[in-house]
Amino acid sequence: MPSRNSYLVRIRPRDKPDATPGYTVGFLVSSHWVITAGHCLARLAQDEPVTMTVAGSGTVDGRVVRIAQRDDLGLICVTGTLPRAVVRPVLARAADNDGWVAPARPEASPHRLTGSVLNADLRHRCTGGGEIAALELKVEQELGDYRGYSGGPVERVRRPSDEPGPPAVLGMLVEQAPKWNHSGDATNVLIAVQAEYALAELDVLADARRIAQENTRALQRAYDAEPVGLTEELRELNVMGDQLDRMISRGLLGRRKARRFLHKVLDRTLRYWIARSSRDQIRT
1082 MPSRNSYLVR IRPRDKPDAT PGYTVGFLVS SHWVITAGHC LARLAQDEPV
1132 TMTVAGSGTV DGRVVRIAQR DDLGLICVTG TLPRAVVRPV LARAADNDGW
1182 VAPARPEASP HRLTGSVLNA DLRHRCTGGG EIAALELKVE QELGDYRGYS
1232 GGPVERVRRP SDEPGPPAVL GMLVEQAPKW NHSGDATNVL IAVQAEYALA
1282 ELDVLADARR IAQENTRALQ RAYDAEPVGL TEELRELNVM GDQLDRMISR
1332 GLLGRRKARR FLHKVLDRTL RYWIARSSRD QIRT
């Protein structure tokens, strides 16, 4: 069984070996996607290759797909094969007063952040100018400076009544709140983008229906070669669709944008399996 933290990654530029290990943190939202804070990728270019260290299980290659500075979101595509099985977190909706924990931390810090949700439905304007659906989080550890924690997930603390299962990710850390008088000091209050909102906003892929129609035979070969893997990917898409439906019902996302997003994620999934089946045929 993979560990609860096996979905965490540390990201560094692949072509810059002198860069400090653990350049920034992020986390896997599926087998093919890593999200992090946009400002954590500010020194990287779109399409730049990266190397990611997966918690406790080796490294995997990736590529920067999108850096949305206005909304402080970054998306990385996994281009290699994950070293071994990883836990797949579920995206969850926070409530006021929920306990939370941030399992990812800078390499130099011994502190794992914990706290409670002050506001689970915050509309926050990022330093880049975009307005995001966010969480306002009180931190128990008063460190003064929380640099290095950005890009990491915010998990809901498990309750005694909770069923066993993967981590429930509420959001992703992006900012530290300043004091109300703008004195230059900072508080022990952090801002996280809501996980469901971040996933919906990272809208980057091409139309899925055309790809499916053009590659029916190749997709069938992929299914014949590895039905369990492909079925699991499609099950993930169904779960994602349910999450987007909940966002639509709460007025957080338009139906057209949600449909476009799902088409594009499906396109990426189909491309992956089609390419995989082609490689398998070449090897045989």
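Residue numbers for the sequence shown follow this note's numbering, beginning at 1082 and rising by one.
Backbone N, C-alpha and C define an ideal beta-carbon position, used for all residues, glycine too.
As the structure is a computational prediction, the values presented were derived from the model and not from experiment.
- The DSSP-derived three-state label of L1156 is strand.
- Nearest to E1236 by alpha-carbon distance, out of R1169, C1207, G1225, R1165, is R1169.
- The beta-bridge partner set that DSSP reports for T1134 consists of R1091, T1140.
- For A1126, there is no enclosing alpha helix (DSSP H), as DSSP marks it with neither H nor E.
- Here DSSP, grouped into helix, strand and coil, assigns G1119 to helix.
- Closest by C-alpha distance to V1141, out of P1164, P1247, D1179, A1149, is P1164.
- Here V1167 is not near G1143, since their CB atoms are 7 Å or more apart.
- Here L1109 is bridged, per DSSP, to V1115.
- T1105 and V1135 have their C-alpha atoms some 12 Å from each other.
- Between P1241 and the set L1251, H1205, G1180, the nearest pair of CA atoms involves G1180.
- In the structure shown, E1277 falls within a helical segment according to DSSP collapsed to helix, strand and coil.
- DSSP places D1096 outside any beta strand (DSSP E), giving it a letter other than H or E.
- With at least 16 other beta carbons inside 10 angstroms of its own, R1091 counts as buried.
- In the structure shown, E1282 adopts helical secondary structure according to DSSP, grouped into three states.
- For H1205, the enclosing beta strand (DSSP E) stretches over residues 1194-1206.
- In this chain, the beta strand (DSSP E) harbouring P1234 covers 1234-1237.
- Between the C-alpha atoms of R1206 and L1216 there is a straight-line separation of about 12 Å.
- Shown here, N1269 sits in a strand according to DSSP, grouped into three states.
- Sequence-distant partners of N1269 (beyond 5 residues in either direction) whose C-beta falls short of 6 Å from its own C-beta, in its chain, are V1220, E1223.
- Distance check between G1252 and each of G1246, V1238, E1244 places V1238 closest, using alpha-carbon atoms only.
- Comparing C-alpha distances from G1209 to each of P1234, T1195, S1111, A1118 shows the shortest one belongs to A1118.
- Our two residues, S1087 and S1138, have alpha carbons roughly 8 Å apart in a direct line.
- DSSP, reduced to helix, strand and coil, places A1176 outside both helices and strands of the structure shown, so it counts as coil.
- In this structure, V1131 and I1148 do not form a Cβ contact; the two beta carbons are roughly 12 Å apart against a cut-off of 8 Å.
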